[in-house]
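Shown next, in structure tokens, is the structure this report addresses.
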Amino acid sequence: MPPAQPELISPRSPRVSAARRLARRNFRGKERLFLAEGPQAVREAGAQPDVLVELFATVEAADRYADIIGRARDTGASVHLASDEVIADISTTVTPQGLVGVCRFLDTPFEEILAARPRLVAVLAHVRDPGNAGTVLRCADAAGADAVVLTDASVDLYNPKAVRASVGSLFHLPVAVGVPVERAVAGLKDAGVRILAADGAGEHDLDEELDKGTMGGATAWVFGNEAWGLPTETRALADAVVRVPIHGQAESLNLATAAAVCLYASARAQRASGGCRTVTDS
1 MPPAQPELIS PRSPRVSAAR RLARRNFRGK ERLFLAEGPQ AVREAGAQPD VLVELFATVE
61 AADRYADIIG RARDTGASVH LASDEVIADI STTVTPQGLV GVCRFLDTPF EEILAARPRL
121 VAVLAHVRDP GNAGTVLRCA DAAGADAVVL TDASVDLYNP KAVRASVGSL FHLPVAVGVP
181 VERAVAGLKD AGVRILAADG AGEHDLDEEL DKGTMGGATA WVFGNEAWGL PTETRALADA
241 VVRVPIHGQA ESLNLATAAA VCLYASARAQ RASGGCRTVT DS
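Sequential numbering from 1 applies to the sequence shown in UniProt numbering.
Below, the structure is given as structure tokens:
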């Protein structure tokens, strides 16, 4: 058989233009579609029902990731072989990996998260950096959190950088968006969840909380802005304001690192009686 040839070779194609516009927030909101780039994100999108709508792939990527292409076709997604130029035009990365998917929005109503009686939740309040938001979502997924909540003052969940930074975790757990922080805290408290605000100046020490055995119950961690942390009024909503202890000489921890420490501390405390699954890279 002759080698496969790209069917889309011009960035000016209407189909390509429609996909390229999804890099902008207003078009994403209007169409309720977003871009997922690279094999990991596209694979995870294709594993969910009715999420992956369209897939653009270079000939080389289609050959290398034949399993992803096959799954996409099986789920009913439109698959298009595209030139390198077209993929570069759609992609928001400096070095595209040859696969770009168009996906449906998949955020979960906040009420559904509450109804599921979550045990561990990450609340992102005033988080503006998309890379940080995606990384915290990835940390929450790895720690076994039940949900993530982005407040109305936080970055767009579907920003391409946030999607990339989540490394597929966006497709794994419920995420509510646009929830006012006061509503998020009140709803979680009503659901029996203890609210802990993560702040470097908190009056409670994370190690001490673990030693006292107070971390085993249902918990929501509230994480603030990368530059100025949590405002006074947000800290006042929490049941406790907790700091991660600095045992060395570092000035502080960045948002994603602090979030990982806090979420894993809660996950370990909650799993203390039943053990904890570990993953080791081979």
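Just so it is clear, CB atoms sit at the ideal spot from N, CA and C, and this is done for glycine as well.
Proximity test, Cβ basis, 8 Å: residue i and chain C
| i | result |
| --- | --- |
| R164 | Of the protein chains in the structure, only one exists, and it is not chain C. |
Alpha-carbon to alpha-carbon, residue j and residue i
| i | j | result |
| --- | --- | --- |
| R25 | N159 | 7 Å |
| L33 | D63 | 26 Å |
| K189 | A218 | 10 Å |
| A201 | A162 | 27 Å |
| R268 | D205 | 16 Å |
| R183 | V136 | 21 Å |
| V167 | R138 | 7 Å |
| R164 | F105 | 15 Å |
| A19 | V175 | 23 Å |
| D97 | D74 | Here the sequence assigns Gln to residue 97, which means Asp is not the residue at that position. When rounded, the distance between both Cα atoms is 22 Å. |
| V102 | P14 | 15 Å |
| G248 | D199 | 18 Å |
| E31 | A238 | 36 Å |
| S78 | I195 | 44 Å |
| A260 | F223 | 11 Å |
| D67 | G38 | 14 Å |
| A220 | V42 | 29 Å |
| L55 | L81 | 9 Å |
For residue i, the three-state DSSP class (helix, strand or coil)
| i | result |
| --- | --- |
| V244 | coil |
| N254 | coil |
| L210 | helix |
| N159 | coil |
| A176 | strand |
| F223 | strand |
| T95 | coil |
| A269 | helix |
| D205 | strand |
| F171 | helix |
| A147 | strand |
| V100 | strand |
Per DSSP, cross-strand counterpart(s) of residue i
| i | result |
| --- | --- |
| H80 | F56 |
| G229 | N225 |
| A122 | V148, W221 |
7 Å CB neighbourhood of residue i in its chain, flanking five on each side removed
| i | result |
| --- | --- |
| A265 | L206, L210, M215 |
| E203 | V241 |
| L170 | L137, V163 |
| A23 | L35, T92, P160 |
| T233 | Looking at the sequence itself, residue 233 is Glu, so the reference to Thr does not match. Counting only Cβ-Cβ distances below 7 Å, and skipping sequence neighbours, we find nothing. |
Same chain only: Cβ atoms within 6 Å of residue i, ignoring 5 sequence neighbours per side
| i | result |
| --- | --- |
| G131 | K161, A165 |
| R28 | L22, F34, Y158 |
| V193 | A218, A220 |
Spatial neighbours of residue i in its chain, beta-carbon cut-off 8 Å, leaving aside the 5 residues before and after
| i | result |
| --- | --- |
| A191 | L114, R117, P118, A218 |
Heavy atom of the ligand FMN within 7 Å of residue i beta-carbon
| i | result |
| --- | --- |
| A57 | As presented, the structure is devoid of all ligands, the ligand FMN included, so that no description of it is given. |
Contact between the stretch 147-154 and the stretch 173-191: three or more CB pairs below 8 Å? Yes: the two stretches touch, three or more of their Cβ pairs being nearer than 8 Å.
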